[in-house]
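Residue numbers (the numbering used here): 394 to 728. Working notes, beginning with the structure itself.
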Ligand code: ACO
């Protein structure tokens, strides 16, 4: 016991833009109402990045900058940075490189992963494996999404759901039984017909036609995604728990992707997790794609204790989904 190197989360920081888009604001933009949005999704407001000329990398850079300051980490020490995003600044270069440049990280290997709403889990697991292999020692995993850039604010079925945000964690090696303990991740590309953004890639390069057809915005067929999300997250959590002999009472906190409060409640109910131990902040931020899970960790950081068992779970476009068991590695020092 104790000899295996694991990747411990040793810091977390988030960033949300100032501008608040409320349900009342959306009532002025599309045929919707506060009551429908609250009861169907749990969302009350979301944040929107309004500053001209800013993008996902700016969201990400602000979270990473804060993370480095708060953990007393010099940019020179960071040797690896992964950015999860579904809204990269550009097709290339990738957003991790741009974030690294913006915060002065010069000695790191940097790349981006795109697994839609499961992007943070995908990036966290990938980063953990590099740490476990002994290759990197100061690793930043950042989720950053400017969802407002790909949201059609005339489509009431999607524009109520999404918000802009970013959040990042620092990973470091530990020989203790802490950090990323186990994970189950899945993909099913046949789900691509229900949730996609089809314009601007190599299949449908940007053209007048793609713009006219609104192919540069998110398309979602909500009901099949809802069903698959509940089933996928519950199955992945169950798999991680059963192969590690964990019972619901062993899990101190469930940290679900925040796509819809009803999805979160259904998963918690299926798994016998009391809602008091489920992190939920969707009412304030909506679905911020790759930022939801680290944003929850940031918000709950002061309540987390060293040794707490956390079950992170997400479902997103692809389809992609999974669950990661993390044992929390630190207590926040009072004062
Ligand atoms: N305001 C008022 N009415 C609306 C709105 C709105 N904003 N949006 C849709 N409606 C109407 C529909 O037109 C429909 O009307 P009809 O019955 O007359 O046709 C009715 O409300 C019900 O619509 P549904 O789409 O069936 O509503 P549902 O209860 O499924 O909720 C939602 C829609 C919130 C999108 C839900 O399906 C959902 O959360 N899906 C999963 C989201 C998810 O997990 N996504 C994965 C992550 S995202 C990513 O990876 C990028």
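All residues carry an ideal CB built from backbone N, CA and C; glycine is no exception. Remember, predicted model here, so these are calculated numbers, not experimental data.
Here residue 571 has 399, 401, 720 and 722 as same chain residues with Cβ atoms under 7 angstroms from its own Cβ, once five neighbours each way along the sequence are excluded.
Put simply, of 510, 424, 627 and 528 the residue whose alpha carbon is nearest the alpha carbon of residue 555 is 510.
CA-CA distance, residue 617 to residue 587, rounds to 7 angstroms.
A check of alpha carbon separations from residue 468 across 494, 478, 686 and 486 identifies 494 as the nearest. Put simply, of 564, 637 and 687 the residue whose alpha carbon is nearest the alpha carbon of residue 520 is 564.
Not one heavy atom of the ligand ACO sits closer than 6 angstroms to the Cβ of residue 689. Cβ-Cβ separation between residue 538 and residue 478: approximately 6 angstroms, consistent with a contact (criterion under 8 angstroms). At a cut-off of 6 angstroms, the beta-carbon of residue 714 does not count as near the ligand ACO: no heavy atom of the ligand is closer than that. When beta bridges are read from the DSSP output, residue 578 appears opposite 715. Here the segment 456 to 467 makes contact with the segment 533 to 553; the two share three or more CB pairs at distances below 8 angstroms. Straight through space, the alpha carbons of residue 505 and residue 491 are spaced by roughly 10 angstroms. Set against 6 angstroms, the gap from the CB of residue 710 to the closest heavy atom of the ligand ACO is smaller. Residue 547 sits exposed, since fewer than 16 C-beta atoms from the chains shown fall within 10 Å of its C-beta. Between residue 633 and residue 671, the C-beta spacing is not below 7 angstroms.
As DSSP reads the structure, residue 438 sits in a beta bridge with 415.
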